[in-house]
Amino acid sequence: MYYINAFLLVGIISMIGQIILDNTKLTPGHITSIFVSIGALLSFMGLYDKLIEISKIGSSIPIMSFGNLLYKAALEGFYNNKIIGLFSNMLSTTSAGISSSVIIAFIISIFFKAKD
Amino acid sequence: MNKSEYKNIVKKYTPNEDKLKNAFYAFVSGGIIGLLSASIYALFISNDVESTIATSCTLVILILASSLLTGLGFFDTFVEKFKCGIIIPITGFAHSLTSEAIDNKNDGMITGLGASIFKLAGSVLLYGMVSAFILAIIKVIMNG
Chain U
506 MYYINAFLLV GIISMIGQII LDNTKLTPGH ITSIFVSIGA LLSFMGLYDK
556 LIEISKIGSS IPIMSFGNLL YKAALEGFYN NKIIGLFSNM LSTTSAGISS
606 SVIIAFIISI FFKAKD
Chain L
9 MNKSEYKNIV KKYTPNEDKL KNAFYAFVSG GIIGLLSASI YALFISNDVE
59 STIATSCTLV ILILASSLLT GLGFFDTFVE KFKCGIIIPI TGFAHSLTSE
109 AIDNKNDGMI TGLGASIFKL AGSVLLYGMV SAFILAIIKV IMNG
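Quick look at the structure:
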């Protein structure tokens, strides 16, 4: 069940993105931005926790989890240190994803050339 | 040639993308990434790694894999076939950073690579942070 849930959750979210992409004039850039905002919105409405219940790891793979984590960290920061806590804590939980992608992207781009 | 004739000709030569097939491919490829990450996560958990650390490790492995595949040039063919199946997961974020960095490397380290690495991924960060900020403020006001 653990593996099936992870498969279904990521698969269905990707399929929703694909259906939006095929039936509108939006580009993949639009889709990812919209999905991050939707993630934050779902988290705001308390629905993202339901997805986490279905599959803990599956819910943290789609780009939507970015919005969810940003929102939760911002709120937690506000409760700890008021408005400055909101700013200082917002990126805390997503830091692993952001900084590792930036550093890895930089290192890879040093070693590889663009294909013609 | 009148308008309806012209429309018919345009329709004839527009590539007919099979939407059902695309959705199926996205579902399967997204699902496989989910399955893969679940296996990596389970591997970390079985080695007594804490669950938040295990999640981060899984994400870093996926990011490393997709950046490496982008560098080797395989990723673009995957994106063409599976589209959202690999754009929606975190692999798409890593791919957008790496591909922009590689494509613009020739314009120099600062004006090329540095300036354009966030060309696509920047909007994800921007709108994620803006919406998180606005929603957090609304939540705080609602709770008094």
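Residue numbers (the numbering used here), protein chains in the order written: chain U, 506 to 621; chain L, 9 to 152. By construction, the Cβ of each residue, glycine as well, lies at the ideal position given by its N, Cα and C atoms.
In whole angstroms, give me the CA-to-CA distance for isoleucine 613 of chain U and threonine 99 of chain L.
Using only the alpha carbons, I get a separation of about 15 Å.
If we call anything under 8 Å between Cβ atoms a contact, is valine 541 of chain U one with methionine 569 of chain U?
yes
What residues of chain U sit near alanine 31 of chain L, judged by a beta carbon separation below 8 Å?
Correct list: Met520, Gln523, Ile524, Asp527.
Which bits of chain B does valine 68 of chain L rub up against, with CB to CB less than 7 Å?
No chain B appears in the structure shown, which is made up of the protein chains U and L.
If I measure Cβ to Cβ from tyrosine 49 of chain L and keep anything under 6 Å in the same chain, skipping five residues before and after, which residues do I get?
Cβ neighbours of tyrosine 49 of chain L beyond the five flanking positions: Ala62, Thr66.
Measuring CB to CB, does methionine 137 of chain L end up less than 8 Å from leucine 513 of chain U?
no
Would valine 18 of chain L count as contacting chain U if we go by Cβ distances under 8 Å?
Judged by the 8 Å Cβ criterion, valine 18 of chain L is not in contact with chain U.
Output needed for phenylalanine 670 of chain U: all residues of its chain with C-beta closer than 8 Å, excluding positions within five of it in sequence on either side, in chain order.
Any property of residue 670 of chain U remains undetermined from this structure, which presents chain U solely from 506 to 621.
Do the CB positions of alanine 619 of chain U and asparagine 594 of chain U come within less than 8 Å of each other?
Contact flag unset, no.
What residues of chain U sit near aspartate 56 of chain L, judged by a beta carbon separation below 9 Å?
In chain order: nothing, as chain U lies at least about 17 Å away.
Going by Cα to Cα distance, which pick from U:Val607, U:Glu581, U:Ile539, U:Phe611 is closest to tyrosine 135 of chain L?
U:Ile539
Suppose you measure from the CA of serine 548 of chain U to the CA of leucine 591 of chain U; what does that come to, to the nearest Å?
16 Å
Can you confirm whether tyrosine 553 of chain U, when its beta carbon is compared against all beta carbons of chain L, has any partner nearer than 8 Å?
no
When the Cα of serine 597 of chain U is compared with those of U:Leu552, U:Leu580, U:Ile608, which residue comes out closest?
If we check each option's Cα against that of serine 597 of chain U, U:Leu580 comes out closest.
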